[in-house]
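Engineer:
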Amino acid sequence: MKSVDIMFGKYISGSWYHVQLLYVAREDCHADEELFIAGTEAISNIISSIDIDDTCMALLGRLKTDFETATQTLPNEIDEIVKDVNRTTAELEFNGYRFMMICRNDVDSTIPYDTASDHAYMMIKSIINKPLFNINCFELGVCNTFEDPFASNINSMVMEFFANGKFKFGTEEDESMVNLGNFLKEYNILVPRHETTYMDTSKLLHTLESVGYKYVIVVAS
Numbered sequence: 004m005k006s007v008d009i010m011f012g013k014y015i016s017g018s019w020y021h022v023q024l025l026y027v028a029r030e031d032c033h034a035d036e037e038l039f040i041a042g043t044e045a046i047s048n049i050i051s052s053i054d055i056d057d058t059c060m061a062l063l064g065r066l067k068t069d070f071e072t073a074t075q076t077l078p079n080e081i082d083e084i085v086k087d088v089n090r091t092t093a094e095l096e097f098n099g100y101r102f103m104m105i106c107r108n109d110v111d112s113t114i115p116y117d118t119a120s121d122h123a124y125m126m127i128k129s130i131i132n133k134p135l136f137n138i139n140c141f142e143l144g145v146c147n148t149f150e151d152p153f154a155s156n157i158n159s160m161v162m163e164f165f166a167n168g169k170f171k172f173g174t175e176e177d178e179s180m181v182n183l184g185n186f187l188k189e190y191n192i193l194v195p196r197h198e199t200t201y202m203d204t205s206k207l208l209h210t211l212e213s214v215g216y217k218y219v220i221v222v223a224s
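First residue of the sequence shown: 4, per this note's numbering; consecutive thereafter.
Below is the structure:
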């Protein structure tokens, strides 16, 4: 594990894929157990620096307590703590907020997070069979950065990982079955024209999500 992007944001109305960034930190965590320590520190910073409603504040406080308890409990069983963490983060999302800790091997922790650009994350925890305590807000993933806001849309979120070679969907036969070649051809035509919004990648996105991938676009604050 090289670096962890710790992010807190608010869902943009009408989309479960777009989160407006309210807080971000990039930390170096060498072991899974260190995620709880980094998360505790991040939540403390969020609570002290961001104006959020009382419900969200209470949920973040509960999450911080659970992280602290997990740190003290490990290496013993933490199943009950995990259940509460997952309930809390689900309730945060119900109230329009999202807390994420995305472990990455495609960037060094010494490289600052670009707060001026949008970031599309593709999270792959369930595919590579590394459960990270089965905590929903702990993810393994890769990222694409969009300096041009016109390029930051759901179609680009899906396609750019294929276009730049960061992701390959199974075998050539698998890619043929989902018509990936035609998707890429259309995407490459539309990218220089800033018109990727005119694509329809909904079926491809549904297929990827069906086999366990998760996506989010973190919109620059």
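Glycine residues also receive a C-beta, built at the ideal position from the N, C-alpha and C atoms.
1. Would you kindly work out how many angstroms separate the C-alpha atoms of leucine 95 and methionine 103, rounded to a whole number?
2. If we count the other Cβ atoms within 10 Å of its Cβ and call it buried at 16 or more, is histidine 209 buried or exposed?
3. Closest to alanine 34 by C-alpha separation, out of Ala154, Asp56, Leu135, would be which residue?
4. Would serine 213 pass as an interface residue toward chain D - the criterion being a Cβ-Cβ separation below 8 Å?
5. Can you name the residues that DSSP bridges to serine 6?
6. What did DSSP end up calling phenylalanine 70 once you bin it into helix, strand or coil?
7. Are phenylalanine 164 and serine 155 touching if we call contact CB-CB under 8 Å?
8. What is the rounded straight-line gap between the Cα of lysine 13 and the Cα of leucine 183?
9. Let's test the definition: count the other Cβ atoms within 10 Å of the Cβ of histidine 21 and tell me whether it reaches 16, buried, or not, exposed.
10. Suppose the cutoff is 6 Å on Cβ atoms and the five residues either side in sequence are ignored; what does the same chain contact list for asparagine 147 look like?
11. Count the C-beta pairs between the region 84–100 and the region 57–71 that are closer than 8 Å, then say yes if the count reaches three, no if not.
Structural biologist: Here's the rundown:
1. Those two C-alpha atoms are separated by around 11 Å.
2. The residue is exposed, with fewer than 16 neighbouring Cβ atoms inside 10 Å.
3. Looking from the CA of alanine 34, the closest CA among Ala154, Asp56, Leu135 belongs to Leu135.
4. Absent from the structure is chain D; it holds one protein chain and no more.
5. Arg107, per the DSSP bridge assignment.
6. The answer is helix: DSSP assigns phenylalanine 70 an H, G or I state.
7. Cβ distance not < 8 Å, so phenylalanine 164 and serine 155 don't count as in contact.
8. The alpha-carbon of lysine 13 is positioned some 32 Å away from that of leucine 183.
9. Its Cβ being crowded by 16 or more others within 10 Å, histidine 21 is buried.
10. These residues qualify, in order along the chain: Ala123, Glu163.
11. With the rule of 3 Cβ pairs closer than 8 Å, the region 84–100 counts as touching the region 57–71.
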